[in-house]
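There are 2 protein chains.
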Amino acid sequence: MGRASDKRERLIESATKLFHQAGCKDTSIADIAEDSGVPLGNVYYYFKSKDDLVSAVIEERKEAIKAEAMKWEANPDPKQRLLSLLDLQISRKDEIAKYGCPIGSMCQELDKERTPVAHKADGLLSWALEWVTRQFKEMGHKQADQFGLQLMATLQGCGVVANALKDPKVIELEIARLKAWIKEL
Amino acid sequence: MGRASDKRERLIESATKLFHQAGCKDTSIADIAEDSGVPLGNVYYYFKSKDDLVSAVIEERKEAIKAEAMKWEANPDPKQRLLSLLDLQISRKDEIAKYGCPIGSMCQELDKERTPVAHKADGLLSWALEWVTRQFKEMGHKQADQFGLQLMATLQGCGVVANALKDPKVIELEIARLKAWIKEL
DNA sequence: GTCTATATGTTGATAGAC
DNA sequence: GTCTATCAACATATAGAC
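Chains as they are written, first to last, in our numbering: chain D, 25 to 209; chain W, 25 to 209.
Written out as structure tokens, the structure reads:
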């Protein structure tokens with residue numbers, strides 16, 4: 025691919041958005057083609073199957089998360105890094121209340137599928153859990169594993185509850201509590 | 025319906041199981057018909073559409089939850105009632121790690137649909153949240169709203185994480201923590 | 001009330017002209 | 001590399017015999 029057009033990345037971009045908003049299953053290739061402005065038949069030049077496209081979306085999200093984490097790691101204080109993560113979640117509260125957590129909802133949806141990519145999204149969540157746990161370890165906590173789990177479960181949980189209640193305030197409240205907890209640790 | 029056959033309830037039973045295991049979208053009427061031993065065409069005698077069946081499944085779950093809650097309310101101590109809820113969740117840890125929380129995963133899946141029943145499952149989760157909050161209120165806590173949210177978010181969150189990691193231990197650990205917290209409140 | 005056969009619509013995927 | 005036309009599979013839902 026000496027000089028590829030930007031169609032591939034436009035397809036991934038549209039798919040990422042639509043999968044989050046409507047779910048992978050409810051988003052057809054035609055929907056993605058239309059949203060990205062790529063003709064239907066041409067999609068299969070870039071992705072040999074829908075699974076392949078789903079896989080690419082997950083891969084792209086993984087890169088985005090790792091890039092974000094790398095930015096935070098410029099800060100030498102692991103406690104501040106965790107607070108950065110929480111601030112990011114707060115800034116996304118409206119989106120999460122509308123469509124759920126992009127990672128969590130994708131894990132739950134794909135886990136029920138019987139396709140080859142079924143459990144690929146799980147890697148995103150477990151990577152995030154490991155990252156969070158690592159920060160607690162660097163803070164010197166022996167209960168780092170427990171704390172990491174506690175943080176991730178609350179983040180995922182307030183996403184589910186906020187989405188069910190369609191109320192971003194849920195995220196605001198729960199994350200405010202988490203921030204207070206982390207600050208005094 | 026003077027003397028109805030048990031086909032209607034068998035269909036709901038199969039649908040409840042399959043929707044949880046594979047998701048509503050991925051479970052076809054044919055799947056449900058086969059699992060329940062009811063011929064495909066006959067399903068539409070009992071439910072005029074798939075949405076109608078989904079709706080009935082949600083309704084049945086609601087009744088089951090309310091019945092369970094009523095049993096717990098025989099106990100005069102609200103703290104014990106909350107512990108009963110947590111014990112129930114622990115007893116279901118393997119199922120939840122495999123397929124996710126039946127309520128939470130249904131909320132997340134249906135929220136993305138564009139059908140008339142789209143947000144009906146949300147009522148289950150908000151009912152549970154209200155019930156939990158009421159127990160904290162009866163315990164005399166002024167922060168009952170916050171505590172209720174905290175409990176529900178953690179319950180839902182450990183379901184998502186356990187499902188992604190396919191590890192029931194996640195539920196065991198998080199709920200043990202919740203129980204300790206509630207006991208010393 | 002029960003069940004078979006089938007209509008109807010949508011989707012993922014392919015063929016093949018350009 | 002690009003795009004139109006279309007196939008094949010599968011889903012919901014209905015018609016109509018029993």
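No residue lacks a Cβ here, since even glycine has one placed at the ideal position from N, Cα and C. This one's a predicted model, so the numbers in the text were calculated from it and none came from an experiment.
At least 7 Å separates the CB of residue 163 of chain W from every CB of chain D. Exclusion of the five residues before and after residue 36 of chain D leaves 80, 81, 84 as the residues of its chain whose Cβ lies within less than 7 Å of its Cβ. Shown here is that no member of the stretch 52–80 of chain D has a Cβ falling below 7 Å from a Cβ of chain W.
Look at the beta carbons and you see the stretch 119–134 of chain W touching the stretch 36–50 of chain W: at least three pairs across the two are nearer than 8 Å.
Contact between the stretch 170–182 of chain W and the stretch 178–195 of chain D is present: 3 or more CB-CB pairs across the two stretches fall below 8 Å. Residue burial is scored here from C-beta neighbours: residue 123 of chain D has at least 16 other C-beta atoms within 10 angstroms and is therefore classed as buried. Cα atoms of residue 151 of chain W and residue 144 of chain W: separation of roughly 12 Å, rounded to the nearest angstrom. In terms of Cβ geometry, residue 156 of chain W and residue 175 of chain W form a close pair [threshold 7 Å]. The stretch 57–136 of chain W is shown to contain whole alpha helix (DSSP H) runs of 4 or more residues at 67–70, 74–96, 102–115, 117–123, 126–135, in chain order. Here DSSP, grouped into helix, strand and coil, assigns residue 144 of chain D to coil.
Residue 55 of chain D has its alpha-carbon roughly 46 Å from the corresponding atom of residue 167 of chain W. With a cutoff of 7 Å on beta-carbon distance, residue 121 of chain D and residue 77 of chain D are scored as not near each other.
Short of 7 Å from the beta carbon of residue 63 of chain D, and not among the five residues preceding or following it, lie these beta carbons of its own chain, in chain order: 57.
Check the Cα spacing between residue 96 of chain D and each of D:105, D:134, D:72, D:69: the tightest is with D:105.
From the beta-carbon of residue 46 of chain D, the residues of chain W found nearer than 7 Å are 136. Residue 188 of chain W counts as buried, since no fewer than 16 other beta carbons sit within 10 angstroms of its beta carbon. Distance check between residue 101 of chain D and each of D:159, D:117, D:116 places D:159 closest, using alpha-carbon atoms only. In the three-state scheme derived from DSSP, where H, G and I count as helix and E and B as strand, residue 48 of chain W is classed as coil. When secondary structure is reduced to three states using DSSP, residue 166 of chain D falls in the coil class, being assigned neither helix nor strand. Residue-level contact check: residue 146 of chain W touches chain D, since one or more beta carbons of chain D fall below 7 Å from its beta carbon. In this model, residue 138 of chain D and residue 68 of chain W are separated by some 27 Å (Cα to Cα). Note that the C-beta distance between residue 32 of chain W and residue 70 of chain W is below 7 Å. In this structure, DSSP gives residue 139 of chain D a state outside helix and strand, which the three-state scheme calls coil.
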